[in-house]
Amino acid sequence: MPSTTSSIREFAPGRDGRPAVLCFPHAGGCASFFRSWQGLLPGARVHAVQYPGREDRITQDHPESLTGLAQAVADEVLASGEAYSVLFGHSMGAYVAFETARLLERAGRPVPVLVVSSAAAPALRPPVPFEDTADVLGYLGRYEPLSIELLQDDELMELLLEYIKADLRLVARYDGYEGARISSRLVAVAGEDDIPEIRTRFAPWGGHTSGDFTPLVLPGGHFYLRTEPPFPLICDELARSAAAAAPSAP
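Quick note: the sequence shown uses the numbering used here, first residue 124, plus one each step.
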């Protein structure tokens with residue numbers, strides 16, 4: 124069982140030769156969002172980041188900054204010796220994954236592939252409310268309708284809003300990305316029915332890598348991956364990464 128102070132949850136513990144994917148959840152999301160991916164990606168080991176303040180880290184303080192959150196993840200990756208083939212970040216997780224990739228590259232451990240999903244390029248992200256509850260609920264409703272059952276459960280809503288607001292604050296105050304570039308291959312994904320502020324602003328992610336860049340539009344909205352997880356994309360990127368790492372024939 125992982126320490127509750129650690130950031131990474133391994134749904135396929137151990138190292139058996141399969142490549143590893145590290146997933147970063149959306150605002151308000153938990154590592155368990157990606158648990159089902161392990162059974163559906165048998166050719167890979169799926170790991171996910173558990174942000175402080177939720178699930179088995181519920182008693183821990185929320186991070187003070189998005190870059191600080193990324194630093195904690197990068198430090199743990201470096202200490203573990205794990206060599207991830209792909210970092211996959213969804214929505215807020217895209218920014219955390221990007222910053223983690225920057226830190227790993229700075230430490231001499233560049234990641235072959237970064238996939239940023241349902242996120243506008245950093246400088247073009249829309250304004251994010253994080254204080255007024257009505258504004259936050261309205262903001263969330265644009266991305267995914269909130270269920271009546273959830274809205275009627277005051278205790279659950281209070282808990283969810285606590286860490287959703289904490290995460291949105293990180294996104295709203297995120298800076299330091301101007302001119303930031305990594306050398307990893309970068310794939311930016313948007314749902315064709317996502318809100319315009321993301322659907323029309325995700326391609327400029329290409330300016331944040333000196334490597335290959337692919338913008339990709341998939342069917343669905345902001346949470347397209349709930350019904351159509353991008354497994355073909357991830358499998359393709361794992362294969363590409365493996366081919367690039369293979370020694371050349373003499």
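For every residue, glycine included, the Cβ atom is placed at its ideal position computed from N, Cα and C. Keep in mind it's a predicted model, so treat the numbers as computed, not measured.
In the structure shown, Pro327 adopts helical secondary structure according to DSSP, grouped into three states. The alpha-carbon of Gln194 is positioned some 14 angstroms away from that of Arg232. Leu192 is classed as buried because its beta carbon has at least 16 other beta carbons within 10 Å across all chains shown. Within the same chain, Cβ atoms closer than 7 angstroms to the Cβ of Phe354 are found at Leu163 and Leu164, the five residues on either side in sequence being excluded. Contact annotation, Val310 with Glu360: C-beta distance approximately 7 angstroms; criterion of less than 8 angstroms satisfied. Cβ-Cβ distances below 8 angstroms link Tyr286 to Gly151, Tyr174, Gly176, Arg177 and His185 in the same chain, with the five nearest sequence neighbours on each side left out; the list follows chain order. Per DSSP, the beta-bridge partners of Arg132 are Ala171. In this structure, DSSP gives Pro338 an extended state, which the three-state scheme calls strand. Secondary structure of Gly166 (DSSP, three-state): coil. The alpha-carbon separation between Ala167 and Ala202 amounts to approximately 21 angstroms.
Membership of Ala311 in the beta strand (DSSP E) is indicated by the continuous run Arg308 to Gly314.
Taken in chain order, the complete alpha helix (DSSP H) segments of 4 residues or longer contained in the region 229 to 296 are 256 to 266, 271 to 275 and 277 to 295. In this structure His345 is not in contact with Arg304, their Cβ atoms being roughly 26 angstroms apart against a cut-off of 8 angstroms. CA-to-CA, the gap between His149 and Gln275 works out to about 23 angstroms.
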